[in-house]
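2 protein chains.
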Amino acid sequence: MESYRFLVDLMLILLCTKLLSIITKRFHLPQVVGALLAGLILGPAVLGWIGETEFIDKLSKLGVIVLMFCAGLETDIVELKKAGKASFIIALVGVVVPLLGGFIVAYIFNQEHLIASDATAPMMLQNVFIGIILTATSVSITVETLRELGKLHTRAGNAILGAAIIDDVLGVIGLTVITSMADSSVSVWLVLIKILLYFVFALIVGVIFYKLFEKWISMYNRDKRRFVIAAFVFCLFMAFSAEYYFGVADITGAYIAGLIISGTERTKFIASRFNTLSFILLSPIFFVSIGLKVSLPTMSAPVVWFSLILVVVAIITKIVGCGLGAKICGFKNDECFQIGAGMISRGEVALIIADKGAALGLMGSAFFGPVVIVVVATTILAPLFLKVAFKNKEELIALETTEKEYPYNKTDDKDLVLNDAHTKKLKEKLDKSHGKSRPYHT
Amino acid sequence: MESYRFLVDLMLILLCTKLLSIITKRFHLPQVVGALLAGLILGPAVLGWIGETEFIDKLSKLGVIVLMFCAGLETDIVELKKAGKASFIIALVGVVVPLLGGFIVAYIFNQEHLIASDATAPMMLQNVFIGIILTATSVSITVETLRELGKLHTRAGNAILGAAIIDDVLGVIGLTVITSMADSSVSVWLVLIKILLYFVFALIVGVIFYKLFEKWISMYNRDKRRFVIAAFVFCLFMAFSAEYYFGVADITGAYIAGLIISGTERTKFIASRFNTLSFILLSPIFFVSIGLKVSLPTMSAPVVWFSLILVVVAIITKIVGCGLGAKICGFKNDECFQIGAGMISRGEVALIIADKGAALGLMGSAFFGPVVIVVVATTILAPLFLKVAFKNKEELIALETTEKEYPYNKTDDKDLVLNDAHTKKLKEKLDKSHGKSRPYHT
Chain A
92 MESYRFLVDL
102 MLILLCTKLL
112 SIITKRFHLP
122 QVVGALLAGL
132 ILGPAVLGWI
142 GETEFIDKLS
152 KLGVIVLMFC
162 AGLETDIVEL
172 KKAGKASFII
182 ALVGVVVPLL
192 GGFIVAYIFN
202 QEHLIASDAT
212 APMMLQNVFI
222 GIILTATSVS
232 ITVETLRELG
242 KLHTRAGNAI
252 LGAAIIDDVL
262 GVIGLTVITS
272 MADSSVSVWL
282 VLIKILLYFV
292 FALIVGVIFY
302 KLFEKWISMY
312 NRDKRRFVIA
322 AFVFCLFMAF
332 SAEYYFGVAD
342 ITGAYIAGLI
352 ISGTERTKFI
362 ASRFNTLSFI
372 LLSPIFFVSI
382 GLKVSLPTMS
392 APVVWFSLIL
402 VVVAIITKIV
412 GCGLGAKICG
422 FKNDECFQIG
432 AGMISRGEVA
442 LIIADKGAAL
452 GLMGSAFFGP
462 VVIVVVATTI
472 LAPLFLKVAF
482 KNKEELIALE
492 TTEKEYPYNK
502 TDDKDLVLND
512 AHTKKLKEKL
522 DKSHGKSRPY
532 HT
Chain B
92 MESYRFLVDL
102 MLILLCTKLL
112 SIITKRFHLP
122 QVVGALLAGL
132 ILGPAVLGWI
142 GETEFIDKLS
152 KLGVIVLMFC
162 AGLETDIVEL
172 KKAGKASFII
182 ALVGVVVPLL
192 GGFIVAYIFN
202 QEHLIASDAT
212 APMMLQNVFI
222 GIILTATSVS
232 ITVETLRELG
242 KLHTRAGNAI
252 LGAAIIDDVL
262 GVIGLTVITS
272 MADSSVSVWL
282 VLIKILLYFV
292 FALIVGVIFY
302 KLFEKWISMY
312 NRDKRRFVIA
322 AFVFCLFMAF
332 SAEYYFGVAD
342 ITGAYIAGLI
352 ISGTERTKFI
362 ASRFNTLSFI
372 LLSPIFFVSI
382 GLKVSLPTMS
392 APVVWFSLIL
402 VVVAIITKIV
412 GCGLGAKICG
422 FKNDECFQIG
432 AGMISRGEVA
442 LIIADKGAAL
452 GLMGSAFFGP
462 VVIVVVATTI
472 LAPLFLKVAF
482 KNKEELIALE
492 TTEKEYPYNK
502 TDDKDLVLND
512 AHTKKLKEKL
522 DKSHGKSRPY
532 HT
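Spelled out as structure tokens, the structure:
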């Protein structure tokens, strides 16, 4: 049995994530919620059918690297530049306020007599890390809701999409700095120099790789599979060298590798192949592995309180932060609320950060439950807040009917893959080609 | 380092298999050869950069399951029935003769003072197992060569394609019987009853699954990803239950799962997704893991002799066996030689069988080298034999030029994925639509 156990684990993981994400989809909830629930149910929290094994551990690590690589691949650098000052300010204030909020809540609860942390990093860093988790934004669910409401093309809608892309980049920077500091024996300056060196390294290697890759593509246009493999090798190289030589998180390296390749001619083909790898094997394993780390039965009263407060803080700080940013940029009050509401959802990004932090001793295992609760709660509540923010019933109904004609209305299973930038591109495609064939495979 | 070591392993595996398979392709050799060389070079035989780890072990197990699942998916049951009596007889005699030949060679060498075997199964079974390995046929390289020669549509060409499909099925049956017998403590009758029960089980479960799956597909035609996941779960279920409840090889279960799904409407979509999973991650790991098991430096003189003799026997027995079968069916003498030459190549199928046998104690580790040598040698020599068999220079040149117009002339990286049946379908498509879009993604 033992040597075939992993087949059963894999079977259960695939079956449960799919079943639960189909169910959550029925209730208009994102499929990430379903996948997380699958992990909770299969893991020690409920049934205890699956434990953490090396197979699951390694594949979930690979899964998160591929997820971040896809996120990089699907970031449109041209769009990023176009997103403009307004989106930048919204994203920046929308990162700073939750960071502060998360830090304060963690500062209060992360104490021996309340929530005993088994993390190894200094308390200060642990508390900042909770803040970093709250900075993440996942707009895939927001985009779906806005499309449903017919509000995707409003001024607020555009601001949300732009800010979300920049938010990703800011999140990666925050993550990079804090994970590099996890090893407390190293001085802060050395850490910062190493980060700087990594970015210089990434820039040089990136430019060289990009040029060679483009030239190779132009020389050889038959077999595209070799480009996919080359991209994968580059991603693994950047991830590994980040972690091993510079003390920078591997997922930062993977994200940067994706960014570098995102400008090439074969990006779409490459991205679609990695999306397949992700949905068919790696993503379900990653999300379940998160669920496996949560042990609900052992949640003490302070942990429950911490969770509830963290959810409230997560929502309020994003609304206030992004709203404030929007206000600075001259948006009207109702638009400020709309933009804030559109940035509430944390989704998979927060999980990726939390997972990395836990591995590095930046987050105690007792905090996994609260983080999962924040992700699930904000993702479920985001559409409700958005609907309230955009409440204008008559216009809503009128627009809903016209929007229903769109063939892209259902992005289906895409949620298991990071697709903020992707959805953005889809939106553009919609405007241009309204009803042609899908740009990505389904 | 330790926890990131697997990223480096994966990077090296992907890089080397791709580089070497591009190089072998240049020399008109199948890419399987390149992938095997990659394993030999990275493993203890040459550089020793990669050792066997749990990560590689589990993923290569999953890889071979997915390879066999794809083989099943791409088997055209309708074609199988059409292949006719001639192909059946060719395949059958072409299986029996190599089985005998392999058995005899193994019987001579598999002795304490020649090649000491560390396998646990009775000697008799070990020797039969070497025979079973020689029964395998991989026609992908043959199809490529025939297409190049413009001989794919000849009577001999059709007979080869038909016989190759049936050969696969016979090979699976042989493998099933012998692996089930690996546990010597169980009586032969019990083993046969269990195999029979598994086929009954597979038939019942298969019919139920097929009906439900077809109904589901007809009910829901938007998101196709869920069908891919359902197919994967079914494949894992069949593989695991074969191994665990019936003592039948897991790859037999995977192959049968593929066969069952091969008749559904979504087969193409499902197969293309599994091909992606295979080429991007699992196949390279599987082929390298085979190479890792070969330690050339420790090859003793008897092992070298055994290898050479096995290569000769492998070639002669296929030519004689298939030729004899063709003769029985009334083919002309030159056609008999052509058919025999077309079935020489062993390719990945022999490796899959050998890998399974080694895991079950049916084959000593000293035999891995010889098997790899047989696979590489027969795969390299098959095109040469074919060219000799079809030597008719004028016709050859004339046909070569017309065939060059075919857009499918290069199947490129496909060799890493079992694609005998696939190539068959491609060939049909060629006849029908000569130049339209590719049926599978590239």
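If you read the sequences in order, they're chains A and B.
In terms of our numbering, the first sequence is residues 92 to 533.
In terms of our numbering, the second sequence is residues 92 to 533.
All C-beta atoms in this analysis are idealised placements derived from N, C-alpha and C, irrespective of residue type, glycine included.
Values in this document were obtained by computation on a predicted structure and should not be read as measured data.
Does the stretch 93 to 103 of chain A come close enough to the stretch 336 to 356 of chain A to have 3 or more Cβ pairs within less than 8 angstroms?
no
Pairwise C-alpha distance: I381 (chain A) and L442 (chain A):
7 angstroms
Touch check for the stretch 155 to 167 of chain B and the stretch 389 to 408 of chain B: three-plus C-beta pairs under 8 angstroms?
no
Own chain partners of E305 (chain B) with C-beta closer than 8 angstroms, once the 5 adjacent residues on each side are dropped:
T355 and E356
Strictly under 8 angstroms for the Cβ-Cβ distance: is Y336 (chain B) near chain A by that measure?
no
Give the C-beta separation of L477 (chain A) and G433 (chain A) to the nearest angstrom, bearing in mind that I take them to be a contact with Cβ-Cβ under 8 angstroms.
6 angstroms
From which residue to which residue does the alpha helix (DSSP H) around D100 (chain A) run?
R96 to R117
Using a Cβ-Cβ cutoff of 7 angstroms, what residues of the stretch 313 to 334 of chain B are near chain A? List them in chain order.
R313, D314, K315, R316, R317, V319, I320, F323, V324, L327, F328, A330, F331 and E334
Would you mind reading off the limits of the alpha helix (DSSP H) that contains T226 (chain B)?
M214 to T226
Name the two residues that bound the continuous alpha helix (DSSP H) containing C326 (chain B).
R316 to F337
Just how far apart, CA to CA, sit M329 (chain B) and I320 (chain B)?
14 angstroms
Is E496 (chain A) close to chain B? Criterion is C-beta to C-beta, closer than 8 angstroms.
Note on E496 (chain A): pLDDT 41, under 50, position unreliable in the model; no value is reported.
Measure the C-alpha to C-alpha separation of H204 (chain B) and A162 (chain A) and round it to an integer number of angstroms.
59 angstroms
Closest Cβ-Cβ distance between L106 (chain A) and chain B: below 8 angstroms?
yes
Which of the three DSSP states, helix, strand or coil, is assigned to R238 (chain B)?
helix
Who are the neighbours of L158 (chain B) on chain A, taking C-beta pairs under 8 angstroms?
Neighbours of L158 (chain B) on chain A: none; closest Cβ ~15 angstroms, over 8 angstroms.
At least one CB of chain B closer than 8 angstroms to the CB of R357 (chain A): is that the case?
It does not: the Cβ of R357 (chain A) has no partner Cβ on chain B nearer than 8 angstroms.
Residue-level contact to chain B via CB, V141 (chain A), 8 angstroms cutoff
In the sequence as presented, Val is not what sits at residue 141 (chain A); that position holds Ile. By this cut-off, I141 (chain A) is not an interface position.
Between G248 (chain B) and the rest of its own chain, which residues show a CB-CB distance below 6 angstroms, the 5 nearest in sequence each way excluded?
L237 and K242
Interface residues of chain A facing V99 (chain B) [CB-CB closer than 7 angstroms]
F331
Have a look at I308 (chain B) and N424 (chain B) and give me their C-alpha separation to the nearest angstrom.
49 angstroms
When you compare the CB of M149 (chain A) with every CB in chain B, is at least one pair closer than 8 angstroms?
The question names Met, but residue 149 (chain A) is Lys in the sequence shown. Yes - at least one Cβ of chain B is within 8 angstroms of the one on K149 (chain A).
Indicate whether the contact test is met: 3 or more Cβ pairs, each with one atom in the stretch 125 to 140 of chain B and one in the stretch 371 to 379 of chain B, closer than 8 angstroms.
yes
Would you identify the three-state DSSP class for S391 (chain B), choosing helix, strand or coil?
coil
Taking the alpha carbon of S418 (chain A) as the point to measure from, which residue in A:I181, A:I471, A:D314 and A:L401 has its own alpha carbon closest?
In the sequence as displayed, the identity of residue 418 (chain A) is Lys instead of Ser. Considering only alpha carbons, the answer is A:I181.
Judging by CA-CA distance, which residue of B:Y336, B:G154 and B:T245 is the nearest neighbour of F292 (chain B)?
Ranked by Cα distance from F292 (chain B), the options B:Y336, B:G154 and B:T245 are led by B:Y336.
Determine the closest residue to Q217 (chain B) out of B:T228, B:A227, B:F360 and B:N201, with distance taken between C-alpha atoms.
B:N201
Among the candidates B:Q429, B:R317, B:S208 and B:A445, whose CA atom is the shortest distance from the CA of L111 (chain A)?
B:R317
Extent of the continuous alpha helix (DSSP H) run through S374 (chain B):
S374 to L383
Would you verify that the beta carbon of K368 (chain A) is, or is not, closer than 8 angstroms to some beta carbon of chain B?
According to the sequence shown, residue 368 (chain A) is Leu rather than Lys. Chain B contact via Cβ: present.
Contact under 8 angstroms by Cβ, D258 (chain B) with T211 (chain B):
no
Can you tell me where the alpha helix (DSSP H) with R313 (chain B) in it begins and where it stops?
Taken as a continuous stretch (DSSP letters only), R313 (chain B) belongs to no alpha helix (DSSP H), as it is neither H nor E.
Within its chain, find whatever has a CB closer than 6 angstroms to the CB of E426 (chain A); leave out the 5 residues flanking it on each side and keep chain order.
A247
Using the beta-carbon count (16 or more within 10 Å), is I223 (chain A) buried or exposed?
Under this definition I223 (chain A) is a buried residue.
C-beta atoms of K472 (chain A) and I444 (chain A) nearer than 8 angstroms:
The sequence given here places Leu at residue 472 (chain A); Lys does not occur at that position. No, the Cβ-Cβ distance between L472 (chain A) and I444 (chain A) is not below 8 angstroms.
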